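Using our numbering, you'd call the opening residue of the sequence shown number 269 and step up by one each time. Glycine included, each C-beta is placed from N, C-alpha and C at the ideal position. Nothing here was measured: the structure is a model prediction, and the numbers come from that model. Below: the structure, in structure tokens.
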Amino acid sequence: MTIDAPAPTGYRFRQLTAEDRRAVTHVDSWAFPSPSDPDEAEKGPSPLTWERAVGVEADGEKAPGSELAAMHASYPFAHFPVPGGTLPTAGLTWVGVHPQHRRRGLATAMIDLHLARCRERGEPLSALFAAEYPIYGRFGYGKAADDARLTIPRGARLRDVPGAAEHTVRIEHIDRDRHGALVDTVHRAAGESPGGLGVNRPGWATRESPELQAAWWHDPTAFRGGQESRRVVVVERDGEPRAYALLRRKLDWTHSGTDGTVNVLEAVALDAAASRALWGVLLDLDLMTETKPFILAPDDPLLSLLENPRAAGQRRVDNVWVRLVDVPTALAGRQYAARIDTTLAVADARLTDNAGVWRLRAEPFGAATCERSDVPPSDADLALDVRELGAAYLGGTSLAGLAAAGRVDELTPGALAAASTAFGWPVAPLCSWVF
């Protein structure tokens, strides 16, 4: 089915279906080179919700089954966590252009179509992980979260936590029938109130669709990169799951002995004691030299439990990016950490309905309202682009920090400090898996 939306000259959009699986796999392999054979990828379940997947074809080529010039898709997050709540969000993904068709405006046309479809579906936010950092800012996405990456030497000492020794630990081959409900339950609970703080972790998306679930649990040998099949560490207290970690080990033999790596794909704990019990195991597995957690929140308990965090070689990596598709709905759909009554002059070159002055009002951790104001932009309290609004939206990027970089203008003295405090959040935003 051809989509009635403007595409660059010589191209057309087409709604994709499951019958396009081969074409999708092959354009993805062109856009994102991989040592894995595309034919292998077709044997497993696709994570795509097909009605949200769109291809681009060159004029004159056969439609069904032909090689695509480009494609994009989105995951349906009906309950994407924002500060103090959830909002329907489109998880933009699989954005790729065949190298033969690059630099012809296909990516721009696809993003414009994606944003239009978000509005049609009533999704006030779009979120993504950026394959290349410079690309998405020009489309109004702001880097809304960072994660921490570590390389921890085996046997790294951890600080004691009362109650950690009262947990039991199981280390097993992972199996969806046995561990699926456990992983989903603990993961969801950790996002709703990390550490029992009573506030949620923004950005903590769950794998909501059945397609995402099926693909996530699939573990083909071809995509393991020479590592073992996935294993799971389960931490329980009085029979109740309190933490888990998904991992793969890789063992190399050198002239001096073994050199092994524990790659932790996802680690989730409900409190400090469970976290201490979990990492006490992960950091001291036999034959291993180092442990590499893939994604950790900047405020993850492990960073405070390590007695020598310097030895872990911590680095920060951009995590989830956010784009406000409907500014008033998005701003009214989250909570704020302090009272706020401010006017924001927002610029948005792509979605002009978002542009203008908006009055945002909220009490601390209460309901918010956002309405268009007739105040002239020059008389607003703050002026910023929708990109910076997206960066600050989840509470992990300071408006004051953006202003220091010249990305936000304070037009009313004192407004910046007040807004920065209100937009902040007690828990750092994070998505624990890459979509």
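Relative to the alpha-carbon of Ala542, which residue among His382, Ala458 and Asp586 has its alpha-carbon at the smallest distance?
-> Numbered from its first residue, the sequence shown carries residue 542 at position 274. Nearest C-alpha to Ala542: Ala458.
Distance CB(Thr474)-CB(Arg456) smaller than 7 Å | For the purposes of this step, residue 474 is identified with residue 206 of the sequence shown, where counting begins at 1. For the purposes of this step, residue 456 is identified with residue 188 of the sequence shown, where counting begins at 1. Yes, Cβ-Cβ distance for Thr474 and Arg456 is below 7 Å.
Cβ-based burial, Gly408 [other Cβ within 10 Å; buried from 16] = Along the sequence shown, read from residue 1 onward, the residue named residue 408 stands at position 140. Answer is buried; the Cβ neighbour count reaches 16.
Through-space distance from Thr522 to Gly323, alpha-carbon basis | On the sequence shown, position 55 is the one that residue 323 refers to. On the sequence shown, position 254 is the one that residue 522 refers to. For Gly323 and Thr522, the distance between alpha carbons rounds to 47 Å.
Report yes if the CB atom of Thr611 is closer than 7 Å to the CB atom of Val585, and no otherwise.
-> Sequence index remark: in the sequence shown, residue 611 carries index 343 (1-based). Sequence index remark: in the sequence shown, residue 585 carries index 317 (1-based). No; because the gap between Cβ atoms is not below 7 Å, this pair is not in contact.
Could you have a look at Met378 and say whether DSSP puts it in helix, strand or coil?
-> In the sequence shown, counting from the first residue as 1, residue 378 sits at position 110. Helix.
Can you tell me which of Leu650, Pro356, Pro645 and Gln603 puts its alpha carbon nearest to the alpha carbon of Ala635?
-> Locating residue 635 in the sequence shown gives position 367, counting from the first residue. Here the closest residue by C-alpha is Gln603.
Exposed or buried, Tyr279, counting other C-beta atoms within 10 Å across all chains shown (16 or more means buried)?
-> Translated into the one-based positions of the sequence shown, residue 279 becomes position 11. When all chains shown are included, Tyr279 counts as buried.
Taking only the alpha-carbon atoms, compute the straight-line gap between Asp288 and Ala321 and give it to the nearest angstrom.
-> For this step, residue 288 is matched to residue 20 along the sequence shown. For this step, residue 321 is matched to residue 53 along the sequence shown. Using only the alpha carbons, I get a separation of about 10 Å.
Contact set for Leu519: own chain, Cβ-Cβ below 7 Å, skip 5 residues either direction | Stepping through the sequence shown from its first residue, residue 519 is reached at position 251. Once the five neighbours on either side are set aside, the close Cβ partners of Leu519 are Thr526, Gly528 and Leu555.
When DSSP builds the beta bridges, which residues end up paired with Pro349?
-> Indexing the sequence shown from 1 puts residue 349 at position 81. Thr354.
Helix, strand or coil at Cys386 [DSSP, three-state] = If you number the sequence shown from 1, residue 386 lands on position 118. Cys386: helix per DSSP, three-state reduction.
Residue range of the alpha helix (DSSP H) that Thr597 falls in?
-> To locate residue 597, count along the sequence shown from 1; it is residue 329. Taken as a continuous stretch (DSSP letters only), the alpha helix (DSSP H) holding Thr597 covers Val595 to Ala600.
Continuous alpha helix (DSSP H) assignments of at least 4 residues falling wholly in the segment 433-480 = 444-460
Cα-Cα separation, Ala291 to Asp487 = As a position in the sequence shown, residue 291 is number 23, starting the count at 1. As a position in the sequence shown, residue 487 is number 219, starting the count at 1. About 22 Å.
With a cut-off of 8 Å on the beta carbons, I'd call Thr361 and Tyr343 a contact; round off their distance for me.
-> As a first step, residue 361 must be located in the sequence shown, where it is residue number 93. As a first step, residue 343 must be located in the sequence shown, where it is residue number 75. About 6 Å; that satisfies the 8 Å criterion.
Looking at C-beta atoms only, is the number of pairs between the segment 430-437 and the segment 489-500 that lie closer than 8 Å three or more?
-> no
Going along the chain, which residues of its own chain have a beta-carbon closer than 8 Å to the beta-carbon of Ala685, five neighbours each way excluded?
-> Here residue 685 refers to the residue found at position 417 when the sequence shown is read from its first residue. The residues are Ala668.
Beta strand (DSSP E) containing Leu612: first to last residue?
-> As a working mapping, residue 612 is identified with position 344 in the sequence shown. Its beta strand (DSSP E) spans residues Ile608 to Ala615.
Where Leu564 sits in the DSSP three-state scheme = Taking the sequence shown and counting its residues from 1, one reaches residue 564 at position 296. Reduced to three states, the DSSP call for Leu564 is strand.
Distance, Cα to Cα, Ala513 vs Val454?
-> Residue 513 sits at position 245 when you count from the first residue of the sequence shown. Residue 454 sits at position 186 when you count from the first residue of the sequence shown. Whole-angstrom Cα-Cα distance: 11 Å.
Let me know if Lys311 comes out buried or exposed under the rule of 16 or more other beta-carbons within 10 Å of its beta-carbon.
-> Here residue 311 refers to the residue found at position 43 when the sequence shown is read from its first residue. Exposed: under 16 other Cβ atoms inside 10 Å.
Residue of Gly493, Tyr401 and Gly548 minimising C-alpha distance to Pro589 | Stepping through the sequence shown from its first residue, residue 589 is reached at position 321. The sequence shown places Trp at residue 589, not Pro. Closest option to Trp589, Cα to Cα, is Tyr401.
Sequence-distant residues of its chain with Cβ nearer than 8 Å to Pro430 (five each side left out) = For the purposes of this step, residue 430 is identified with residue 162 of the sequence shown, where counting begins at 1. Here the set comprises Ala541.
Distance, Glu504 Cα to Ser700 Cα = By 1-based counting over the sequence shown, the position of residue 700 is 432. By 1-based counting over the sequence shown, the position of residue 504 is 236. Computed Cα separation, rounded: 21 Å.
Between the CA atoms of Asp307 and Pro332 - distance to the nearest angstrom | For the purposes of this step, residue 332 is taken as residue 64 along the sequence shown, with counting starting at 1. For the purposes of this step, residue 307 is taken as residue 39 along the sequence shown, with counting starting at 1. With a pLDDT of 45 at Pro332, under the threshold of 50, the modelled position of that residue is not reliable, and the figure given next carries that caveat. Whole-angstrom Cα-Cα distance: 18 Å.
Identity of the residues DSSP links to Lys344 by a beta bridge = Counted from its first residue, the sequence shown places residue 344 at position 76. For the sequence presented, residue 344 should be read as Pro rather than Lys. Answer is Ala358, bridged to Pro344.
Does DSSP put Gly333 in a helix, a strand or coil?
-> On the sequence shown, residue 333 is found 65 positions in, with the first residue counted as 1. Here the model assigns Gly333 a pLDDT of 45, short of 50, so the residue's position is not dependable, and the following value carries that caveat. If DSSP states are grouped into helix, strand and coil, Gly333 belongs with coil.
In the DSSP assignment, find the beta strand (DSSP E) that holds Arg583 and state where it starts and stops.
-> Stepping through the sequence shown from its first residue, residue 583 is reached at position 315. Run containing Arg583: Arg583 to Asp586, per the beta strand (DSSP E) assignment.
Hey, quick one: how far does the alpha helix (DSSP H) through Tyr661 stretch, first residue to last?
-> Counting from one through the sequence shown, the residue named residue 661 turns up at place 393. First-last of the alpha helix (DSSP H) with Tyr661: Val654 to Tyr661.
In the DSSP assignment, find the unbroken beta strand (DSSP E) run with Asp621 in it and report its ends.
-> Working through the sequence shown from its first residue, we reach residue 621 at position 353. From DSSP, Asp621 is part of no beta strand (DSSP E); its letter is neither H nor E.
So what does Ala635 bridge to, in DSSP terms?
-> Within the sequence shown, numbered from 1, the residue matching residue 635 stands at position 367. For Ala635, which the question treats as bridged, DSSP gives no partner whatsoever.
Would you mind stating whether Val614 and Cys386 have Cβ atoms separated by less than 7 Å?
-> Looking up residue 614 in the sequence shown gives position 346. Looking up residue 386 in the sequence shown gives position 118. Result no, Cβ atoms of Val614 and Cys386 do not sit closer than 7 Å.
Residues sharing a beta bridge with Met339, DSSP | Indexing the sequence shown from 1 puts residue 339 at position 71. Answer is Gly323 and Gly364.
Counted within 10 angstroms of its Cβ, other Cβ atoms place Ala580 as buried (16 or more) or exposed = Translated into positions along the sequence shown, residue 580 becomes position 312. The residue is buried, with at least 16 neighbouring Cβ atoms inside 10 Å.
Bounding residues of the alpha helix (DSSP H) (the contiguous stretch that carries Ala545) | Within the sequence shown, residue 545 is the residue found at index 277, counting from 1. Start and end: Ala540 to Leu550.
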